[in-house]
Ligand code: AMP
């Protein structure tokens, strides 16, 4: 877990502002759910067999004896909230986005944190490929507005729970022929959750998968049409993508589309975001059966990529107003108030003391414009302005401060 401030936080703020603007333009509304949720919410959604639930949750018993968890992801909370507030009972689409911190007790690695931030969007109530194209287009615009250029989605279809047994049978037969080449975890997965073998991180397993049966060859007719339609829409919209037959979302309630986006700036293995269709989840969490599609992007990683592309987020410290003496201190507070109310950015020196000390601070803080208000200035109705880069000094009438600072 880390503290965020300075240049890095400025990237966070820029990303968040862009997210609010782009998502609201698409008709999505923000949702903020609590950081603590009942354990059951994640057991039933993320799944008891997942690493997140098994090893990575900050989980404890609260003073009322409830088993609670600091959320490791936000989809489950959004679905829980949508059910609780009966938002899924009509046939109308429900479109939400969120920005929030998530907690996972992960192994320490570069770019991997135990408190990290995700931005995500979820749409409920629409099962069409058009709704997926719309959501992906929104995501694509968001990333483009942030200045990311090398974007290419990886997509796949995992079919439906009904069509999956056909693939499982073909895949288990393939696995059995070369079982000795797979890791122990994969031997467990092939029994409990065969799709998960496909995204095993072990390089030997990935090599052993060469020539494996492909899920999209075993889709039911409707899923195959859905997948073809989504690909046609993405092509028409000039959204770059490639098919990745090893991209899976391994739980039962995931249906059809799965996708992710890798960023070359983060190294080969690092996903920037992931998402897909999860038509079965609302029912699984005790609500009505409603189709759903969503994704989550890592804000920490996105900020890292932006910093690599654009360098430090630009920031100009505001002008600093330094009063000299008690009378000037009162006048400076009043002047600063007028300027703040007029929307001018200004920092006020409130320590009192010598000008020399205040000027030395201004230098260290990188302040470019220093405004000095002393007895002489007060009597003359002016402020002395010092431009730090050139050392030049001039005198501005008090009445013109707002306009001069705004155009400065
Ligand atoms: P997931 O919820 O695991 O599908 O992750 C979605 C995105 O969240 C990933 O692509 C990462 O960008 C980000 N993410 C997940 N875990 C972490 C973490 N521990 N630290 C930083 N970012 C993370």
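In the numbering used here, the protein residues as written are 147 to 554. Note that the Cβ used here is the ideal one computed from N, Cα and C, for glycine as well. Since we're looking at a predicted model, the values are computed, not measured.
Limits of the beta strand (DSSP E) - the one that residue i falls within
i, result
"residue 408", "403-408"
"residue 269", "261-270"
"residue 302", "299-303"
"residue 229", "Not the beta strand (DSSP E): residue 229 falls in the alpha helix (DSSP H), residues 221-230."
"residue 244", "240-249"
"residue 477", "It is not in any beta strand (DSSP E) - residue 477 instead sits in the alpha helix (DSSP H) that spans 472-487."
"residue 493", "492-494"
"residue 469", "465-469"
"residue 389", "387-389"
Per-residue burial, residue i [other beta carbons within 10 Å of its own, 16 or more giving buried]
i, result
"residue 446", "buried"
"residue 364", "buried"
"residue 157", "buried"
"residue 281", "buried"
"residue 248", "buried"
"residue 428", "buried"
"residue 405", "buried"
"residue 356", "exposed"
"residue 509", "exposed"
"residue 284", "buried"
"residue 317", "buried"
"residue 307", "exposed"
"residue 237", "exposed"
"residue 163", "exposed"
"residue 423", "buried"
"residue 515", "buried"
"residue 481", "buried"
"residue 504", "buried"
"residue 400", "buried"
C-beta atoms of residue i and residue j nearer than 8 Å
i, j, result
"residue 105", "residue 491", "Summary: the structure shown does not reach residue 105, with the chain confined to residues 147 through 554, and so no result is reported for it."
"residue 277", "residue 408", "no"
"residue 395", "residue 304", "yes"
"residue 259", "residue 148", "yes"
"residue 216", "residue 181", "yes"
"residue 548", "residue 466", "no"
"residue 185", "residue 213", "yes"
"residue 529", "residue 544", "yes"
"residue 272", "residue 222", "no"
"residue 398", "residue 432", "no"
"residue 243", "residue 183", "no"
"residue 161", "residue 449", "yes"
"residue 387", "residue 380", "yes"
"residue 383", "residue 279", "yes"
"residue 192", "residue 219", "yes"
"residue 402", "residue 372", "yes"
"residue 195", "residue 338", "yes"
"residue 521", "residue 471", "yes"
"residue 294", "residue 451", "yes"
"residue 389", "residue 302", "yes"
Where the alpha helix (DSSP H) containing residue i begins and where it ends
i, result
"residue 456", "445-456"
"residue 202", "Here residue 202 belongs to no alpha helix (DSSP H), and DSSP marks it neither H nor E."
"residue 170", "152-171"
"residue 336", "330-338"
"residue 461", "Element bounds for residue 461: n/a, residue is neither H nor E."
"residue 194", "No alpha helix (DSSP H) contains residue 194, which DSSP labels as neither H nor E."
"residue 310", "310-323"
"residue 546", "No alpha helix (DSSP H) contains residue 546, which DSSP labels as neither H nor E."
"residue 399", "That residue, residue 399, is in no alpha helix (DSSP H); it is neither H nor E in DSSP."
"residue 374", "367-382"
"residue 356", "No alpha helix (DSSP H) holds residue 356; DSSP gives it neither H nor E."
"residue 291", "275-291"
"residue 343", "341-344"
"residue 509", "501-511"
"residue 428", "427-430"
Counterpart residues of residue i in DSSP-defined beta bridges
i, result
"residue 531", "517 and 540"
"residue 210", "According to DSSP, which records beta bridges pairwise, residue 210 is partnered with nothing at all."
"residue 441", "267 and 421"
"residue 258", "255"
"residue 215", "183 and 205"
"residue 176", "243"
Residue-level contact to chain B via CB, residue i, 8 Å cutoff
i, result
"residue 234", "The question asks about chain B, but that chain is absent: this structure has only one protein chain."
Is it true that the region 307-323 meets the region 274-291, where meeting means three or more beta-carbon pairs spaced less than 8 Å apart?
-> Contact between the region 307-323 and the region 274-291 is absent: fewer than 3 CB-CB pairs across the two stretches fall below 8 Å.
Are three or more beta carbon pairs between the region 258-269 and the region 424-440 nearer than 8 Å?
-> yes
Would you call the region 159-176 and the region 224-234 touching, i.e. three or more CB-CB distances under 8 Å?
-> No: fewer than three Cβ pairs fall under 8 Å.
Would you be able to state if there are at least three C-beta pairs under 8 Å between the region 386-403 and the region 345-353?
-> Contact holds: three or more Cβ-Cβ distances are below 8 Å.
On the three-pair Cβ rule with 8 Å, is the region 445-462 touching the region 474-484?
-> No, they do not touch.
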